Amino acid sequence: MSNPHSPAARRAALRQIPEEDPEFQIAPMIDILLVLLVFFMSISSTEVLQTNDHVSLPVAKDAKEKDKKGDAAKGQKIINVLWDPLRNGGAIDMDERTYGLPSDLIPELSRALTVSPNARILVRADKQVRYEYMKQLLKAIGQAGGSNLTFSVVDKEKPK
Amino acid sequence: MGFQIAPMVDVVFVLLLFFMASAGSQITERELSINLPAGKSSGGGAITTPIIIEISPDGTVSMNSTVYGLPANKNLVELKEWLRTTLGDYGGEDPVIIRPSPDTLQERIIDVLNACAAGKVKNLTFS
Numbered sequence: 271m272s273n274p275h276s277p278a279a280r281r282a283a284l285r286q287i288p289e290e291d292p293e294f295q296i297a298p299m300i301d302i303l304l305v306l307l308v309f310f311m312s313i314s315s316t317e318v319l320q321t322n323d324h325v326s327l328p329v330a331k332d333a334k335e336k337d338k339k340g341d342a343a344k345g346q347k348i349i350n351v352l353w354d355p356l357r358n359g360g361a362i363d364m365d366e367r368t369y370g371l372p373s374d375l376i377p378e379l380s381r382a383l384t385v386s387p388n389a390r391i392l393v394r395a396d397k398q399v400r401y402e403y404m405k406q407l408l409k410a411i412g413q414a415g416g417s418n419l420t421f422s423v424v425d426k427e428k429p430k
Numbered sequence: 020m021g022f023q024i025a026p027m028v029d030v031v032f033v034l035l036l037f038f039m040a041s042a043g044s045q046i047t048e049r050e051l052s053i054n055l056p057a058g059k060s061s062g063g064g065a066i067t068t069p070i071i072i073e074i075s076p077d078g079t080v081s082m083n084s085t086v087y088g089l090p091a092n093k094n095l096v097e098l099k100e101w102l103r104t105t106l107g108d109y110g111g112e113d114p115v116i117i118r119p120s121p122d123t124l125q126e127r128i129i130d131v132l133n134a135c136a137a138g139k140v141k142n143l144t145f146s
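Quick look at the structure:
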């Protein structure tokens, strides 16, 4: 019988029981995969990438549902129009670039409209934007050759 | 330890309930389309009378000097009704021209556009 106080016996007592091979857990993996799937589905559409969150859209209850399946959404250009009350002036955000004057949009817009002439132009204008500025924008879109114009609205007021 | 189906169904039901409950308060984006005159050729058809809707800077909507909506009136029910009956009688081909003043807010223009959409206006332009 060995001495329980011998160094070998003390080492043996400290040594941990060897673990079993880790088992592959399927449930947490499905969990994580679903979260990843939802995340990528929600950010991947080009529309999400082109919209500006700072625009507070006007409310219109009789507007149509968005046509996501049809040709309308193909090759569409999204123009975000922001209004700065301090400066009393507007700014335009298109394809992650900011333009001060609506007429600055014409070269970029006409290039896009030469590629796809019937492309829809979606204007996401803030509710505070003055018509003076919108008029210049509509004129610029017309000069660039755009005719299919759509205004973005929301179906109900954002809760405060 | 095997795959436990009961807690998974439990969690999935909770998730389902959560998404169903939050879907009601979801704000969805909708759209109002118009055609700019640049892309349209005017065929010399029947003579039409344009209906001109004016919007003052404070948001008063008027047509032929008659006020159809005060600034507080967001739904513009009278305007919708008038457009629906008038355009219904004449086939809806008469062009509607929206003439806002330079300081009119986009919000009010969208209210009028919304009324035009509800009144089944087919031919719409901005002056």
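If you read the sequences in order, they're chains A and B. First residue of the first sequence: 271, per my numbering; consecutive thereafter. First residue of the second sequence: 20, per my numbering; consecutive thereafter. Glycine residues also receive a C-beta, built at the ideal position from the N, C-alpha and C atoms. Here the structure is a predicted model, which is why all the values come from computation and not from measurement.
Runs of alpha helix (DSSP H) wholly within the region 55-132 of chain B (minimum 4 residues, chain order) = 96-109
Quick one: which chain A residues come within Cβ less than 9 Å of residue 133 of chain B?
-> As a working mapping, residue 133 of chain B is identified with position 114 in the second sequence. Per Cβ cutoff of 9 Å: 328, 329, 330, 331, 332, 333, 423.
Can you tell me where the alpha helix (DSSP H) with residue 405 of chain A in it begins and where it stops?
-> Numbered from its first residue, the first sequence carries residue 405 of chain A at position 135. Note, residue 405 of chain A: alpha helix (DSSP H), 401-413.
Outcome for residue 382 of chain A when other beta-carbon atoms lying within 10 angstroms are tallied against a minimum of 16 | Translated into positions along the first sequence, residue 382 of chain A becomes position 112. Label assigned to residue 382 of chain A: buried.
Coarse secondary structure for residue 134 of chain B, derived from DSSP in three states = In the second sequence, counting from the first residue as 1, residue 134 of chain B sits at position 115. In the three-state reduction of the DSSP assignment, residue 134 of chain B falls in the helix class.
Roughly how far, in whole angstroms, is the beta-carbon of residue 400 of chain A from the beta-carbon of residue 51 of chain B, given that I think they are within contact range, below 8 Å?
-> As a first step, residue 400 of chain A must be located in the first sequence, where it is residue number 130. As a first step, residue 51 of chain B must be located in the second sequence, where it is residue number 32. Not a contact, Cβ separation roughly 19 Å.
Could you tell me if residue 129 of chain B is buried or exposed, where buried requires 16 or more neighbouring beta carbons within 10 angstroms of its beta carbon?
-> Counting from one through the second sequence, the residue named residue 129 of chain B turns up at place 110. Classification of residue 129 of chain B: buried, given that the 10 Å Cβ count is 16 or more.
Any chain A beta carbon closer than 7 Å to residue 143 of chain B = Counting from one through the second sequence, the residue named residue 143 of chain B turns up at place 124. So no, residue 143 of chain B is outside the interface.
Straight-line Cα distance separating residue 421 of chain A from residue 324 of chain A = Translated into positions along the first sequence, residue 324 of chain A becomes position 54. Translated into positions along the first sequence, residue 421 of chain A becomes position 151. The alpha-carbon of residue 324 of chain A is positioned some 16 Å away from that of residue 421 of chain A.
In or out: residue 416 of chain A buried (at least 16 other Cβ within 10 Å) or exposed?
-> Reading the first sequence from its first residue, position 146 is the one you call residue 416 of chain A. Burial call: buried.
Using the C-alpha atoms, what's the distance from residue 285 of chain A back to residue 35 of chain B?
-> Here the question's residue 35 of chain B lines up with position 16 in the second sequence. Here the question's residue 285 of chain A lines up with position 15 in the first sequence. Taking the straight line joining both Cα atoms gives about 48 Å.
Taking 7 Å as the cut-off, decide whether the C-beta atoms of residue 351 of chain A and residue 389 of chain A are in contact.
-> Looking up residue 351 of chain A in the first sequence gives position 81. Looking up residue 389 of chain A in the first sequence gives position 119. Not closer than 7 Å, so no.
Shorter than 7 Å from the beta carbon of residue 384 of chain A to some beta carbon of chain B?
-> The residue labelled residue 384 of chain A in the question sits at position 114 within the first sequence. Cβ-Cβ to chain B under 7 Å: no for residue 384 of chain A.
With 16 other Cβ atoms within 10 Å as the buried cut-off, status of residue 59 of chain B | Sequence index remark: in the second sequence, residue 59 of chain B carries index 40 (1-based). Interpretation of residue 59 of chain B is limited by its pLDDT of 43, a score under 50 that renders its predicted location unreliable; no figure is taken from the coordinates.
Just the Cα atoms here: how many angstroms apart are residue 69 of chain B and residue 141 of chain B?
-> Taking the second sequence and counting its residues from 1, one reaches residue 69 of chain B at position 50. Taking the second sequence and counting its residues from 1, one reaches residue 141 of chain B at position 122. Spanning the two alpha carbons is a distance of roughly 12 Å.
Buried or exposed (CB count within 10 angstroms, at least 16 for buried), residue 347 of chain A = Position 77 of the first sequence, counted from the first residue, corresponds to residue 347 of chain A. Buried: at least 16 other Cβ atoms inside 10 Å.
The region 294-305 of chain A: which residues have C-beta closer than 7 Å to a C-beta of chain B, in chain order?
-> 296, 297
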